[in-house]
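Take a look at the structure below.
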Amino acid sequence: MNPDEPSADIVRAGLTFSWRYSHGLGALAPFFAALTQGRALATQCPSCRTTWFPPRMTCPDHGPLAQWRELAGVGTVMTVTRTTLSLPLTGRGAAAVMALIAMDGASNLVVGRIAGAMDAEPGARVRLAVDAGATVHPIQSMVFEIVGGR
Numbered sequence: 000m001n002p003d004e005p006s007a008d009i010v011r012a013g014l015t016f017s018w019r020y021s022h023g024l025g026a027l028a029p030f031f032a033a034l035t036q037g038r039a040l041a042t043q044c045p046s047c048r049t050t051w052f053p054p055r056m057t058c059p060d061h062g063p064l065a066q067w068r069e070l071a072g073v074g075t076v077m078t079v080t081r082t083t084l085s086l087p088l089t090g091r092g093a094a095a096v097m098a099l100i101a102m103d104g105a106s107n108l109v110v111g112r113i114a115g116a117m118d119a120e121p122g123a124r125v126r127l128a129v130d131a132g133a134t135v136h137p138i139q140s141m142v143f144e145i146v147g148g149r
């Protein structure tokens, strides 16, 4: 018998699986909890004062971080990409604007969806908001809304 050819001797059973998985959020749980409330929670290195949003748990120069810091939740769009986006496991898909955003008070950039503004451009001011649609993971609730002029 050739193992590469189908055989009538092989019996197959159709199986359906269903399970629920609970994913712990670990040390980043405060960040995710804040996101669901529309709050921007960052981490800051106590030595060099570098601030990360989204947070990091270690500073590449000084090791473990010890300080959570709440940001104002506003920032500036640096660059945009228009795309079609599907949020995993939600059944939701639509045209979207993704942006690199410089949050006020953060040393790094964050990637975020711009809600309801297909014409968003670099230089636009945005505010962290909460996506009211179906989400599976708290990071999916993070969206940004345009708040005013450049």
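Numbering follows numbering that gives the first Met the number 0, in which position 125 of the sequence shown is assigned residue number 124; successive positions increment by one, without gaps.
Cβ coordinates follow ideal geometry from the N, Cα and C atoms, glycine included.
**Q.** Sub-7 angstroms separation of residue 142 and residue 124 beta-carbons
**A.** Not a contact, by the Cβ cut-off of 7 angstroms.
Q. Where are the alpha helix (DSSP H) runs, 4 residues long or more, that stay fully inside the segment 104 to 132, in chain order?
A. The segment 104 to 132 contains no whole alpha helix (DSSP H) run of 4 or more residues.
Q: Label residue 94 either buried or exposed according to how many other C-beta atoms from any shown protein chain fall within 10 Å of its C-beta, with 16 as the threshold for buried.
A: Classification of residue 94: exposed, given that the 10 Å Cβ count is below 16.
Q) So residue 122 packs on residue 57, CB below 8 angstroms; how close in whole Å? A) Contact doesn't hold; Cβ gap of about 32 angstroms is too wide.
Q: Go ahead and label residue 235 buried or exposed: buried means 16 or more other beta carbons lie within 10 angstroms of its beta carbon, across all protein chains shown.
A: Here the chain has residues from 0 to 149 only, and residue 235 is not among them.
Q | For residue 107, the nearest candidate out of 54, 68 and 30 (CA to CA) | A | Minimum Cα-Cα distance from residue 107 among the listed residues 54, 68 and 30 corresponds to 54.
Q. Could you give the C-beta distance for residue 116 and residue 96, rounded to a whole number, given that I count them as a contact under 8 angstroms?
A. Confirmed, about 6 angstroms.
Q) With 16 as the cutoff for other CB atoms within 10 Å, does residue 64 come out buried or exposed? A) Result: buried.
(Q) Within 10 Å of its beta-carbon, does residue 140 have 16 or more other beta-carbons around it, so buried, or fewer, so exposed? (A) Residue environment analysis places residue 140 among the buried positions, since at least 16 neighbouring C-beta atoms fall within 10 angstroms of its C-beta.
Q: My understanding is that residue 41 touches residue 52, with C-beta atoms under 8 angstroms, so please give their C-beta distance in whole angstroms.
A: At roughly 4 angstroms, the Cβ-Cβ gap stays under 8 angstroms, so residue 41 and residue 52 are in contact.
Q. Where residue 85 and residue 132 are concerned, what is the direct C-alpha to C-alpha distance, given to the nearest angstrom?
A. For residue 85 and residue 132, the distance between alpha carbons rounds to 12 angstroms.
Q.
Just list the residues that DSSP pairs residue 85 with in beta bridges.
A. BP columns for residue 85 point to 92.
**Q.** C-alpha gap between residue 165 and residue 91, whole angstroms
**A.** Since the first residue of the chain shown is 0 and the last is 149, residue 165 is not available in this structure.
Q) With a CB to CB cut of under 8 angstroms and the five nearest residues on each side skipped, what residues in its chain are close to residue 137? A) For residue 137, where only same-chain residues beyond five positions count, the Cβ hits under 8 angstroms are 24, 31, 32, 34 and 35.
Q: Provide the residue span of the alpha helix (DSSP H) that contains residue 31, from first to last.
A: Run containing residue 31: 28 to 34, per the alpha helix (DSSP H) assignment.
Q) Could you check where the beta strand (DSSP E) with residue 143 kicks off and where it finishes? A) Segment 141 to 147, the beta strand (DSSP E) holding residue 143.
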